[in-house]
Each structure stands twice: as C-alpha cells, then as structure tokens.
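Peer 1:
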Amino acid sequence: MAIIALVSAKGSPGVTTTALACTLSWGRRLILAECDPAGGAVLAGYLGGALDGRRGIGELAVGELRDGNLETAFWSQLVDLDAPHRERLLLPGVVDPAQTGSVVPLWQRFADFFTGLEQGDPPYDVLVDCGRLHAVGTPWPMLRAASVVLVVTRAQLPDLSSARATIHAIYRDFTEHRVQPGTLQLLLVGGGHGKGEISKALGLPVIARLPHDPRTAEVLSLGGTVRTGRPLLRAARGLEAPIGALLERRRARLARPVSQGVPDAV
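Just so we're aligned: 153 in the UniProt record's numbering is position 153 of the sequence shown, and the numbers increase by one with no gaps anywhere.
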C-alpha cells in the first residue's frame, strides 16, 4: 500500500482513533506514524503512558539532525502494539513541544523514507496521522507522497463546511506541486447526511462511514481492552478492502504507457 494519510478539518474528530482502529484490525503489516504537529496521543492515551524512556518521531528528528542516521535509528523508536510479532508498530508523535521545531523541517525526509518501507524486507505500509490540516507545521510532504489521502469528517453541516475548505486547500497544494497520483477520498464518522448527498456536495467519493461507537472510541483514546467484535473495529477492518482496491487500480494506471491514457487527476 505504501503511505495512507488521514487528515481532518477544523472541528472534525476521529483521525487518531480511526488510524489506531485500522492499525489494530487490518491484516497487513502496518506502521502507524503520528505526524500531527500538535502532538501525539497514543502513548499517553491508548498505551496509558506505560512505556519507559522517550521514544518517537521527536527523538528521531533530533537524532537525524545531529547524526543523519534515520535508516538505523528508525526501528528503535517504534512501539510494538502486538508484541512480539512486530506487525502492528507505532511511531509515537511529538510529546515535547520543544521538539516540534526539529520535526517540521524533516517532513520531506520522513515522507521519502516512509515511501521506501513498502519495498523493505519485510515490507510495511504506513498509516500517517496528519491531524488537522490547518495546524501550524502541517506535514504537507506526507500528503503529497501518500497513495491515498482520507479526509475524516463528521457528516453534519458545520463539519462538512470545514471539510470543504480542507479539500480545496489540498486541491490547491496538489495542483501547485503537480501531485498526479494522489487519491483523495472522504471518510465519514457517525450519522448525519447521506453518503451520496455529501459526495455530490463536496465533489469527492465517500469510501466508507464509520459508526458512532463511543465505548470503543474511549478505549482507543484512554486505554483498555480492544474488542474486535465492536462496531468501530469491524468497520475499520472493512476499510482495508476498498483502500486496497483503490491502490491496485492506481498501480495499474501508473503502469500503463503514457500514450494509453492521461495522468491521474487528484
């Protein structure tokens, strides 16, 4: 799969919860990278702050700026969410605001490195939690490098209004940077307006709707026992198939000679 980026608009919930639900339920090897410039939430939330020592993208950035050893240091900064299998790994986000200044200049370096993990031995796909788009230090290189970008939003009018602005901002940036293979999709959270209505209004396909499941969301946010039969985990597991299908179609288009078609639209 390579990179699958998740981003939300102002006021829209669920990016970290959604990314973690997918990481815990999908069948492929995954790394969940918390790239929200506002800071990571999984260590203190789902993992309850139980780890010893400092670990994550902040430490990785400081080391990269000092020693340039990303390729070797990366694996020591990961947390195994399903130990000892190393198939569901977490790169924790920034926990010390002082580290944000070290991370932001390295978004492109990290994006390039994450892209290469698909060809590693063993290969990993990377789910990137980009947080809210309009935060200072938005990881734009991650969005540009992603094979799929999911805009996560509630299906209520105020949230959809914010999502519209987010989508337009992504379109503008992708056009400016000539991002051809990006696949932009909406991912709805909870009830509200219908998928067809939202897709028509915002000009984007809706890949899925995740249910309102506060019990599971609380576990993923604050810690506890994850029950795979709960609605949110079942829906997150079901998201793997349509994303995989999107990527296969994208790969097929990119493999065609230029004379047989036109570049993909964002």
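Cβ coordinates follow ideal geometry from the N, Cα and C atoms, glycine included.
As the structure is a computational prediction, the values presented were derived from the model and not from experiment.
(1) Would the beta-carbon of residue 267 fall within 8 Å of that of A61?
(2) Alpha carbon to alpha carbon, what distance is there between A41 and L70?
(3) So Y46 and L239 are in contact, right, with Cβ under 8 Å, and what is the actual spacing, rounded?
(4) Do you know how far the Cα of E176 is from the Cα of P105?
(5) E197 lies in the alpha helix (DSSP H); which residues open and close that run?
(6) With contact counted as at least three CB pairs below 8 Å, one residue from each stretch, are the segment 148-162 and the segment 109-125 in contact?
(7) Going by DSSP, what residue range makes up the alpha helix (DSSP H) through D173?
(8) Could you name each continuous beta strand (DSSP E) segment of 3 residues or more that falls completely within the segment 56-95, going from the start of the chain to the end?
(9) I'd like to confirm the pairing. Which residues does DSSP put opposite D129 in its beta bridges?
(10) Measure from the alpha carbon of G48 to the alpha carbon of each residue in A19, A169, R88, P92, then state which is nearest.
(11) Round the Cβ separation of D96 and G58 to the nearest angstrom and send it over; I've been treating them as touching at under 8 Å.
(12) What's the call for E248, buried or exposed, on a 16-neighbour Cβ count within 10 Å?
Peer 2: Answer, in terms of the structure:
(1) Any answer about residue 267 is impossible in this case: the structure gives the chain only from 1 up to 266.
(2) 23 Å
(3) Contact doesn't hold; Cβ gap of about 19 Å is too wide.
(4) C-alpha separation (whole angstroms): 20 Å.
(5) 195-202
(6) no
(7) 157-176
(8) 88-91
(9) L6, E34
(10) P92
(11) 6 Å
(12) exposed
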